[in-house]
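Student:
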Amino acid sequence: MATVIKVEGIAKTFKIHHERHQSLKERMLHPRSGSTEVFDALADINFTVDTNETVGLVGHNGSGKSTLLKCICGVLQPTSGQIHIRGSLAALLELGAGFQPELSGRDNVYLYGAMLGFSKKMVDGIFDSVVDFSEIEQFIDTQVKFYSSGMYVRLAFAVAVNVDPDILVVDEVLAVGDERFQAKCIDRIRTFQDEGRSILFVTHNADQVRAICDRAIVLDGGHMIADGPTHESLRIFREHLMGSAQEHDRSGLLASISIDSVTTPSGAFHVRSGAGMHFDVNITSQSAYSGNFVLEIFTRKGLLVSRSDAKGSPVNLTPGQNVVGVDLPQIPLLDGIYDVNVGIVNPRGNTVIAWREQAASIQVTYDGREGGLVELGASIRQQ
Amino acid sequence: MSDGSSVRVERRSLEDDAFRIVSARDSLITRLRNLWNRRELLSSLIRSDIRIKYKNSALGIVWSMLTPTLFLAIYWLVFAKFLKNGIPNFVVYLFAGMIVWNMFNTSLSTATGVIVVRSGLVKKVSFPREILALANVGAATFYFFIQVCVFGLYLLVVGHSPDYAYFWLLPIAFLALYLFTAALAIVMSAITVYMRDMEHFILIILQLWFFMSPIVYSYEHSIAPQLHAHGLAWLYFLNPITLIMLTFQRTFYVSTVVHSTVPTVVGGHVFPLINVLPSWPMSTYFYLDIALLGIMIVLFLFAEVIFGRLQGNFESEL
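Line by line, the protein sequences are chains A and B. Each residue of the first sequence is one higher than the one before, starting from 2 at the first, in the numbering used here. Each residue of the second sequence is one higher than the one before, starting from 22 at the first, in the numbering used here.
1) If contacts are defined as beta-carbon pairs under 8 angstroms, then A/Val343 and A/Arg357 qualify, I think. What distance do you get, rounded to the angstrom?
2) Counting Cβ pairs, one atom from each stretch, are 3 or more of them under 8 angstroms apart for the stretch 99-113 of chain B and the stretch 229-248 of chain B?
3) Checking the sheet assignment: what are the DSSP bridge partners for A/Ser362?
4) Under 9 angstroms between C-beta atoms, does A/Phe15 make it to chain B?
5) In chain A, which residues lie less than 7 angstroms from B/Ser147 when you measure between Cβ atoms?
6) On the three-state DSSP scale, how would you describe B/Leu198?
7) Could you check if A/Arg251 is buried or exposed, using at least 16 other CB atoms within 10 Å of its CB as the buried criterion?
8) Under the assumption that A/Pro320 contacts A/Ser286 (Cβ atoms under 8 angstroms), give the Cβ distance between them as a whole number of angstroms.
9) Can you list, in chain order, the residues of its chain with a C-beta nearer than 6 angstroms to that of B/Leu320? Leave out the 5 residues immediately preceding and following it.
10) Mind checking if A/Gly60 is an interface residue toward chain B, Cβ cutoff 9 angstroms exclusive?
11) DSSP three-state label for A/Ala115, please.
12) Is A/Gly118 close to chain B? Criterion is C-beta to C-beta, closer than 9 angstroms.
13) Could you tell me how far apart the beta carbons of A/Leu318 and A/Ile284 are, in whole angstroms, since I believe they sit closer than 8 angstroms?
14) Using the beta-carbon of each residue, which ones in chain B are nearer than 7 angstroms to A/Tyr111?
15) Going residue by residue through the stretch 286-333 of chain B, where are the continuous alpha helix (DSSP H) segments of at least 4 residues, counting only ones entirely within it?
16) Counting contacts by CB-CB distance shorter than 9 angstroms, is A/Pro166 in contact with chain B?
17) In chain B, what lies closer than 7 angstroms to A/Lys302 by C-beta?
18) Going by DSSP in three states, A/Gly10 sits in which element: helix, strand or coil?
19) If you follow the alpha helix (DSSP H) that A/Asn62 is part of, which residue opens it and which one closes it?
20) Going by DSSP in three states, B/Trp189 sits in which element: helix, strand or coil?
21) Taking 9 angstroms as the threshold (beta carbon to beta carbon), is A/Ala405 in contact with chain B?
22) So if I threshold CB-CB distances at 7 angstroms, which residues from the stretch 60-89 of chain B count as touching chain A?
23) Which word fits B/Trp122, buried or exposed, when buried means at least 16 other C-beta atoms lie within 10 angstroms of its C-beta?
24) If we count the other Cβ atoms within 10 Å of its Cβ and call it buried at 16 or more, is A/Ser1 buried or exposed?
25) According to DSSP, what are the bridge partners of A/Met278?
26) On the DSSP letters alone, give me the boundaries of the beta strand (DSSP E) that B/Leu229 sits inside.
27) How many angstroms separate the CA atom of B/Thr305 from the CA atom of B/Phe165?
28) Sorted by chain position, which residues of the same chain lie with C-beta nearer than 8 angstroms to B/Ser14's C-beta, five sequence neighbours on each side aside?
29) Looking only at its own chain, which residues have a Cβ that is under 8 angstroms from the Cβ of B/Phe172, when we skip the five neighbours before and after it?
30) Give the single residue among B/Thr90, B/Ala132, B/Val169, B/Lys145 whose Cα lies nearest to the Cα of B/Leu153.
31) Is the distance from the Cβ of B/Asn334 to the Cβ of A/Lys7 below 9 angstroms?
32) Kindly indicate which three-state DSSP category B/Asp24 falls into: helix, strand or coil?
33) Relative to the C-alpha of B/Phe125, which residue among B/Pro192, B/Met86, B/Pro261, B/Lys145 is closest?
34) Spell out the partners DSSP gives A/Ser286 in its beta bridges.
35) Taking B/Arg330 as the query, report the chain A residues whose CB atoms sit under 7 angstroms from its CB, ordered along the chain.
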């Protein structure tokens with residue numbers, strides 16, 4: 002294992018002009034006026050990424066993750082600290098930023114390749130696979146300004162992943178393209194992982210991080226608050242998110258509801274595949290609240306098995322102790338340990354009021370012969 | 022769907038690779054090396070610049086010859102015919118000055134706003150930012166050579182013979198011109214990020230600069246003789262463009278002293294002599310050009326340093 006990215010004490014401060022004097026006249030008239038505030042976007046960030054590692058960079062909006070990414074890609078100069086990078090790096094930051102609308106797709110592939118630092122000869126070598134991957138063969142000689150936004154992004158993504166970088170930096174780009182193309186992108190990312198390359202993956206979508214990354218780094222307000230195995234970091238991320246939400250909560254609602262524990266009648270979280278299970282979620286509430294109950298089940302690898310409808314299970318909490326019973330009539334899961342997250346969301350199902358990550362772990366034993374995640378009990382016969 | 026991975030060669034060990042370092046400030050040497058490493062990007066940008074400019078026009082690249090020719094015709098009409106500046110064979114004199122001027126003018130007027138215009142790129146993709154300005158200078162260099170060809174053709178047609186003995190001075194003068202243009206383009210492109218007025222201001226400056234350079238008038242009618250009378254002739258040459266133009270004009274126009282085409286009013290049919298170009302020996306041109314080149318190299322490095330300082334805050338200003 003070799004280290005490919007080493008981030009040492011990176012800090013970035015921005016100056017925020019409250020009154021921008023950008024024209025000459027204004028600068029002459031107010032040479033020093035207009036207050037300037039210094040904003041620390043990043044402070045003291047240290048971590049390393051090795052080959053064969055896929056690291057997720059998680060944080061909510063404004064946590065500094067994009068700034069950090071830009072520093073790593075060399076788009077931004079850090080205010081202090083150093084970043085060491087070994088090998089070639091391709092960044093999927095806002096795809097297609099380097100495209101010239103007036104030029105054809107073909108010319109843009111070469112231009113974009115050159116911008117990413119690859120020679121014409123290298124682009125020649127991968128041109129066919131780029132066109133193939135982007136699926137816009139018929140339009141490759143059309144000016145890019147006539148492309149649909151999907152075609153635009155597909156072409157850019159195709160260039161970036163086909164130039165064969167050692168390190169791939171992905172910034173929330175998987176939100177583009179139709180579902181099939183997204184699946185293709187994920188597939189390509191998996192190929193990258195299998196080839197032992199490093200991937201730095203930035204998102205605020207916890208599901209994607211769980212699905213792709215081995216390790217996650219959590220940023221908040223420009224500080225690193227976690228760096229460790231994905232599920233561990235995500236737990237901190239969620240809890241921290243709740244914590245900072247509480248500070249902004251005027252009604253005091255958030256502080257008043259907490260999920261204490263998850264218990265089963267027998268005390269064990271052990272179940273045979275195909276059998277049912279019941280458990281109780283103990284919630285303490287300071288005030289009455291009507292919301293919805295949400296249940297998530299994940300595999301240990303971070304794959305989401307099931308999430309209940311956020312608007313489908315209303316609960317009316319009363320002040321004091323509440324118990325919400327969860328019945329799983331039949332668990333068709335195969336062998337393994339599954340993590341359970343539970344939470345209370347608002348009636349519209351879009352804001353989390355209380356959350357408990359990994360509230361319980363269910364161990365499922367299965368003695369059948371099916372492989373995978375669930376038992377479907379398919380019966381196969383020749384007709 | 023093709024699978025590119027199957028054709029890929031065995032991956033080399035990354036441990037042998039050296040680290041690239043991103044830090045707060047890079048040294049001049051590092052930045053020049055980066056610039057050199059990205060020369061392929063520079064040539065791609067120059068090519069796309071040229072193609073985009075003429076992409077949707079019917080005449081296409083012909084415009085790069087047509088525009089300067091038409092400008093030339095206008096200046097000839099105004100200064101030789103209407104204002105009667107008296108310079109014989111004025112088109113050759115004008116042409117020699119104009120090719121130099123066009124290179125400088127085109128570069129600066131396009132490069133000044135380039136970082137602001139391409140801010141989307143600057144904020145998203147990593148490359149030495151000055152390449153954007155240098156690409157504009159590169160495109161202008163391309164047009165320069167096209168115009169030189171047109172000029173050569175014109176000289177052949179009218180049967181005007183340049184002074185071949187001076188030809189070897191042209192590369193020196195051109196290199197000085199290139200470095201001067203590049204230095205100003207780099208600095209102006211960075212300043213414009215902080216002061217958007219520069220985009221408009223530069224057009225005025227360029228107009229003034231045009232008339233401060235001996236393009237449409239002769240050496241004698243410039244302010245040089247008056248300055249010379251006070252022993253301040255060097256002031257005139259503070260404008261580096263002047264010396265470069267004089268070298269081109271001396272090479273192509275050849276004669277330094279000629280009879281005016283306009284008779285004096287007092288003497289009737291007397292055609293007075295005009296000192297079109299300074300009557301220096303070749304060695305003086307050589308020494309001055311070499312000195313200028315030296316200064317321009319230093320100026321270019323200085324421009325790189327200034328750009329390096331200014332580019333740190335591009336992100337928050339764009």
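Using N, Cα and C, we set each Cβ at its ideal position, and we do this for glycine too.
Tutor: According to the structure data:
1) Contact check for A/Val343 and A/Arg357: beta-carbon distance about 5 angstroms, within the 8 angstroms limit, so the pair qualifies.
2) Contact between the stretch 99-113 of chain B and the stretch 229-248 of chain B is established, with three or more Cβ pairs separated by less than 8 angstroms.
3) The secondary-structure analysis by DSSP pairs A/Ser362 across a beta bridge with A/Asp340.
4) With 9 angstroms as the cut-off, A/Phe15 counts as an interface residue toward chain B.
5) Chain A residues near B/Ser147: Cys74, Gly75, Val76.
6) DSSP places B/Leu198 in helix when its eight states are reduced to three.
7) The pLDDT assigned to A/Arg251 is 48, lower than 50, so where the model puts this residue is not dependable; a value taken from the coordinates is nonetheless given after this. The residue in question, A/Arg251, is exposed, as its Cβ has fewer than 16 Cβ neighbours within 10 Å.
8) A/Ser286 and A/Pro320 do touch by the CB rule: their CB atoms are close to 6 angstroms apart, below 8 angstroms.
9) Spatial neighbours of B/Leu320 in its own chain (CB-CB distance under 6 angstroms, excluding positions within 5 residues in sequence) are listed in chain order as Ala204.
10) Residue-level contact check: A/Gly60 does not touch chain B, since none of the beta carbons of chain B fall below 9 angstroms from its beta carbon.
11) In this structure, A/Ala115 counts as helix in the three-state DSSP scheme.
12) Taking Cβ atoms only, chain B reaches closer than 9 angstroms to A/Gly118, which makes this a yes.
13) About 6 angstroms; that satisfies the 8 angstroms criterion.
14) Result: Ser65.
15) Listed in chain order, they are 303-331.
16) At a cut-off of 9 angstroms, the C-beta of A/Pro166 has no neighbouring C-beta in chain B.
17) Within chain B, no residue comes near A/Lys302; the closest Cβ sits about 23 angstroms away, beyond 7 angstroms.
18) Three-state result, A/Gly10: strand.
19) No alpha helix (DSSP H) contains A/Asn62, which DSSP labels as neither H nor E.
20) Judged by DSSP in its simplified three-state form, B/Trp189 adopts coil rather than helix or strand.
21) Residue 405 of chain A is absent from the model: chain A starts at 2 and stops at 384.
22) Residues of the stretch 60-89 of chain B that bring their beta carbon within less than 7 angstroms of a beta carbon in chain A comprise Glu61, Leu62, Ser65, Ser69, Arg72, Ile73, Lys76, in sequence order.
23) Counting Cβ neighbours within 10 Å, B/Trp122 comes out buried, since at least 16 surround it.
24) Examination of residue 1 of chain A is not possible in this model, given that chain A is present from 2 through 384 alone.
25) Bridge partners of A/Met278: A/Leu329.
26) Where B/Leu229 is concerned, there is no enclosing beta strand (DSSP E), although the alpha helix (DSSP H) around it starts and stops at 219-233.
27) Taking the CA atoms as reference points, B/Thr305 sits about 26 angstroms from B/Phe165.
28) The question about residue 14 of chain B has no answer here: the residues shown for chain B are numbered 22 through 339.
29) Closer than 8 angstroms at the Cβ level, and outside the excluded window around B/Phe172, lie Phe116, Ala117, Ile120, Phe273.
30) Considering only alpha carbons, the answer is B/Ala132.
31) Pairing B/Asn334 with A/Lys7 gives a Cβ-Cβ distance that is not under 9 angstroms.
32) With a pLDDT of only 40 at B/Asp24, under 50, the local geometry of the prediction cannot be trusted, and no value is derived from it.
33) Selected option, being the one with the closest Cα: B/Pro261.
34) A/Ile258, A/Gly321, per the DSSP bridge assignment.
35) Contact of B/Arg330 with chain A by beta-carbon distance below 7 angstroms is absent, the smallest such distance being about 11 angstroms.
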